[in-house]
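A short worksheet on the structure shown next.
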Amino acid sequence: STTSSRQLITQAGTSGGIGSDDWACLFAGLGSLIGCLLILVSANDGLGRSTFSSSPTKIRETLLLIWLDQINYLLVMAFTKTSTLLLYIRIFHSATPEQKTFRRYCWALIGIVCLTSFFLVVFAIIMCEPVAYFWNRVTARPIESGGTCKDHRPYLYSNTIISIVTDCCVVALPVKLIWGLQMNIKKKVKVLGIFGLGGVVIICSIMRATRVEAAANRTDPMVDIAGLCMWSLVESVVGIICCCIPATHRPIRNFFAEIF
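The letter at position 140 of the sequence shown is residue 140 when you use the UniProt record's numbering, and the numbering goes up by one with no holes.
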């Protein structure tokens, strides 16, 4: 949230105004802060420790926080990717045919990100019926265990695949356009390097994917899902940092130039 706030201030001071990309980044930052708080509280309640060694109250509280965190993660990543794509649209705003086509691709990808995120959020909310059965199912007494949960494997795997594919698309989208700009090779490589740092998010997405199988098994829910929660948080925070780099690299460079 601090990084996204800094981007907002930087954009207001250096580019003459705050754009929709900055607001999307700010919302992502606030969501990431909420995610940090959810993980901290759930870790204190028992996330990462054996479900069967925790009290029923702690189990319910932890599973409720996990449910909230997975919805929050989807929203944060949607805002982060949308912010990056809106930044592309803001930067490449000329009337040339190449940039017009590029902006259409950006809007199309924004639509895909928003649509897939919407359906994933809806599925996460209604995964169990009633909804509260998600965090009550482990501790429910036989007389209370009338709820049902859908198979969560398709949700976990589709979420992972969509996240990695859209990350790759966001990072790769401007490469051809930047390489075709009228500037020397050194500057092209520098610009590509700045935008290419978003590739770090792909690494985080892949690391998160390695935790999906354990989370899908859920023989011990509070232990099995801990790794997925941790990497979801890492991915969202790294995504916001990478999203802010194009807007903040110049002030950072000037700051270090003044020191050294």
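All residues carry an ideal CB built from backbone N, CA and C; glycine is no exception.
Predicted model only: the values in this text are computed from it and were never measured.
query: If contacts are defined as beta-carbon pairs under 8 Å, then Leu65 and Ser50 qualify, I think. What distance do you get, rounded to the angstrom?; result: 17 Å between Cβ atoms; not a contact.
query: CA-CA distance, Thr80 and Ala172?; result: 16 Å
query: Give me the residue from Ala78, Ser117, Ile245 and Lys150 with the minimum Cα distance to Ser236.; result: Ala78
query: What would DSSP say about Thr148, mapped onto helix, strand or coil?; result: strand
query: For Ile202, tell me which candidate among Ala214, Ala216 and Ile162 has the shortest Cα-Cα distance.; result: Ile162
query: Buried or exposed, going by whether 16 or more other CB atoms sit within 10 Å of the CB of Lys58?; result: buried
query: Checking 7 Å against the spacing of the C-beta atoms, do Thr166 and Val212 come in under that value?; result: no
query: Between the beta-carbon of Gly35 and the beta-carbon of Leu228, is there less than 7 Å?; result: no
query: Using the Cα positions of Gly29 and Ile240, report the straight-line distance between them to the nearest angstrom.; result: 7 Å
query: Looking at the C-beta of Ser117, does it have a partner C-beta in chain C at a distance below 7 Å?; result: Protein chain content of the structure displayed is limited to a single chain, and chain C is not contained in it.
query: For Thr210, which of Ser83, Val121, Lys190 and Trp231 has the nearest alpha-carbon?; result: Trp231
query: Please state whether the Cβ-Cβ distance between Tyr88 and Cys106 is less than 7 Å.; result: yes
query: Have a look at Asn136, Ser205 and Asp220 and flag the residue whose alpha-carbon is nearest the alpha-carbon of residue 277.; result: Residue 277 is absent from the model: the chain starts at 1 and stops at 260.
query: Between Val238, His93, Ile245 and Ala226, which has its C-alpha nearest Leu38's C-alpha?; result: Ala226
query: Within a Cβ cutoff of 6 Å, which residues of the same chain sit near residue 261, ignoring the five residues on either side of it in sequence?; result: Here the chain has residues from 1 to 260 only, and residue 261 is not among them.
query: Assuming Val238 contacts Val191 (C-beta within less than 8 Å), just tell me the rounded distance between them.; result: Contact doesn't hold; Cβ gap of about 21 Å is too wide.
query: Of the residues Cys168, Arg104, Glu129 and Ile18, which one's Cα is nearest the Cα of Cys204?; result: Cys168
query: Out of Leu68, Pro130 and Thr101, state which residue places its alpha-carbon closest to the alpha-carbon of Pro174.; result: Thr101
query: Check for me: the alpha helix (DSSP H) holding Val138 runs from which residue to which?; result: Counting along the chain, Val138 falls outside any alpha helix (DSSP H), and DSSP gives it neither H nor E.
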